[in-house]
Every structure is written in C-alpha cells, then in structure tokens.
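Here is the structure we will look at, set down as structure tokens.
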Amino acid sequence: MPNPETGEPRPPHAPRLTARDRPTPTDRAPLKQPPLPDGAGPILEWSQYRRRDGWYATAGTWFLGAALLTANYKNFDWITDWIYWPIFASALWFYPRVVRKSWLAAGATWVQNDRAWVNTYELVKIELVINGIQRVIRLTDSSGRQAPAIDIKDIQPNIALWDLVYNGMLHSIANGNCEVTPRAQRVLKLPAGQATARRRSS
0 MPNPETGEPR
10 PPHAPRLTAR
20 DRPTPTDRAP
30 LKQPPLPDGA
40 GPILEWSQYR
50 RRDGWYATAG
60 TWFLGAALLT
70 ANYKNFDWIT
80 DWIYWPIFAS
90 ALWFYPRVVR
100 KSWLAAGATW
110 VQNDRAWVNT
120 YELVKIELVI
130 NGIQRVIRLT
140 DSSGRQAPAI
150 DIKDIQPNIA
160 LWDLVYNGML
170 HSIANGNCEV
180 TPRAQRVLKL
190 PAGQATARRR
200 SS
C-alpha cells in the first residue's frame, strides 16, 4: 500500500480505453470542491471540467437546436414561438451544474465522485454498467459506501488518477473479498478474484 500522505511509491500505469491525456490542472484551483473524506489523506490527483466547458456545451446545444428548428420550419419563424425558449434557457441551468458535478479526486487509498467516496483498498464490489451512452464504474466498499457513477471517459484521461484507483481495485481483489462483475472484468481488464469465483461456484 502506498504512503497515504504522498502516494509513494506511485503505481504502474493501468490499462485504459482512451488515448486522451488530461492531467490534474496545475494552473487553477477546483470549482466548488465538495468536502473531502475525513481522515483519508490528502488529494493527490483531481479532475473537473472547466467552467468554460459548460458554456461551450450550452452554445453547442443552442446551435444544434437552432439548426434543427430552422431546417424543420425552412425559415426562422420558430424564433417567434415562445414554446422553444424555455428549452433553450434550460441549457443555461443544466450545463454549469454538470461542470460542478464532474468532480473526481483520488488520494492514495480513496476516490471521490462528486460527494460520494469509497476506500479503494476495501472494495467489496466492482461493477461496470451501461447508462445510455456512458460506461459507468460503480464501486462499493466494506463500510457500505458507494461511488455509483464514475464515467470511464471522465476518469481515465487523468492517467495518474486512474492509476491510483486501479491499483486500489487490484489490491481489493487480491484481498479475496471483492466481487467483480463479468463486464467489469472484460472492459477494465480486471482479474476475477476469489470472491467472484466463490460466488460463481455457489
């Protein structure tokens, strides 16, 4: 187990599904960071969309919506129809909140997604579920805590963060008390472990 204060020695690189590289920012502080786990050690890596990402997403939604409506009406008459404006306005409410909810952080032995966190060295279940177009990692630790919605496309581009989390997963599996679902094994390239083998044989 690495030092909980420093994370040293850092783990080897974990397998990933993306070639993108989005390291922990060094030029800015987090936006509205949620409370950290008590006594779990400091943040070593973190990931969060920038505020401007929310505005880009809002502008993109407006542009796409306007293009579709213009193509459907074959003119710009839709602009005078008030029914569409609440839909456009909702993007102003929705996307900035997505940015704040995109918070991911990891210490040597924990990972936090928004306000939810788990001890990655005491996991009892690792799942991978399909949520629309998202592939989401769901983690449960021995204290019953859950990190229920870690999107692969959000966590894996931060290589150092993903390495910390993956290393904790491997240690939990090696401890013999962590069940790994077949999809999680296949997609995340994780071993089954003794707990999974016992469950299958029972």
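The sequence shown begins at 0 in numbering that gives the first Met the number 0 and counts up by one. The C-beta atom is built at its ideal place from N, Cα and C for all residues, glycine as well.
Nearest to residue i (by Cα), restricted to the options the options
i: Arg-170; options: Tyr-48, Asp-76, Asn-118; result: Position check: residue 170 holds His in this sequence, whereas Arg was assumed. For the residues Tyr-48, Asp-76, Asn-118, the minimum Cα distance to His-170 belongs to Asn-118.
i: Gln-47; options: Gly-143, Ala-107, Gln-32; result: Gln-32
i: Pro-8; options: Ala-159, Trp-77, Ile-149; result: Ala-159
i: Ile-122; options: Arg-134, Asp-113, Leu-138, Ile-132; result: Inspection of the sequence shows that residue 122 is occupied by Leu rather than by Ile. Closest option to Leu-122, Cα to Cα, is Leu-138.
i: Val-186; options: Glu-4, Pro-10, Leu-16; result: Leu-16
i: Ile-151; options: Ala-183, Asp-140, Gly-143, Gln-145; result: Ala-183
i: Gln-213; options: Thr-5, Asp-162, Gly-143, Lys-124; result: Residue 213 lies beyond the range of the chain shown here (0 to 201); nothing can be said about it.
i: Pro-34; options: Ala-13, Ile-86, Val-110; result: Val-110
i: Trp-102; options: Ala-173, Ile-42, Pro-190, Asp-20; result: Ile-42
i: Thr-23; options: Ile-78, Leu-189, Trp-161; result: Trp-161
i: Pro-3; options: Ala-115, Trp-84, Asp-113, Pro-36; result: Pro-36
i: Val-135; options: Trp-84, Ile-172, Asn-112, Phe-62; result: Asn-112
i: Glu-44; options: Ser-141, Leu-163, Ala-115, Pro-1; result: Leu-163
i: Ala-104; options: Pro-156, Ile-86, Asp-76; result: Pro-156
i: Gln-145; options: Ile-132, Ile-172, Arg-114, Ala-173; result: Arg-114
i: Tyr-120; options: Gly-40, Ile-172, Ile-86; result: Ile-172
i: Ser-212; options: Ala-18, Thr-108, Gly-64, Thr-79; result: Absent from the model: residue 212. The displayed extent of the chain is 0 to 201, so no value can be given.
i: Gly-141; options: Gln-133, Ile-132, Trp-116; result: Note on identity: in this sequence residue 141 is Ser, with Gly being the wrong assignment. The candidate whose alpha carbon is nearest that of Ser-141 is Trp-116.
Where residue i falls, given that 16 or more other Cβ within 10 Å makes a residue buried
i: Asn-166; result: buried
i: Ile-205; result: The structure shown has nothing for residue 205, since the chain only spans 0 to 201.
i: Gly-38; result: exposed
i: Gly-106; result: buried
i: Asp-153; result: buried
i: Trp-81; result: exposed
i: Trp-84; result: exposed
i: Pro-14; result: exposed
i: Thr-108; result: buried
According to DSSP, residues forming a beta bridge with residue i
i: Gln-111; result: Ala-104, Trp-116
i: Ile-149; result: Ile-136
i: Trp-45; result: Ala-104
i: Val-128; result: Val-135
i: Leu-219; result: The structure shown does not extend to residue 219, since the chain spans only 0 to 201, so no value can be given for it.
- Task: Answer yes if the segment 71-81 comes into contact with the segment 115-128, meaning at least three C-beta pairs across the two stretches below 8 angstroms, and no otherwise.
- Result: Verdict: no, contact absent.
- Message: Contact between the segment 175-191 and the segment 18-29 is defined here as three or more beta-carbon pairs at a separation below 8 angstroms; is this criterion met?
- Response: no
- Query: Which parts of the segment 155-193 are runs of the alpha helix (DSSP H), unbroken and 4 residues or longer, counting only runs that do not cross its ends?
  - Reply: Counting only runs of 4 or more, we get 158-173, 181-187.
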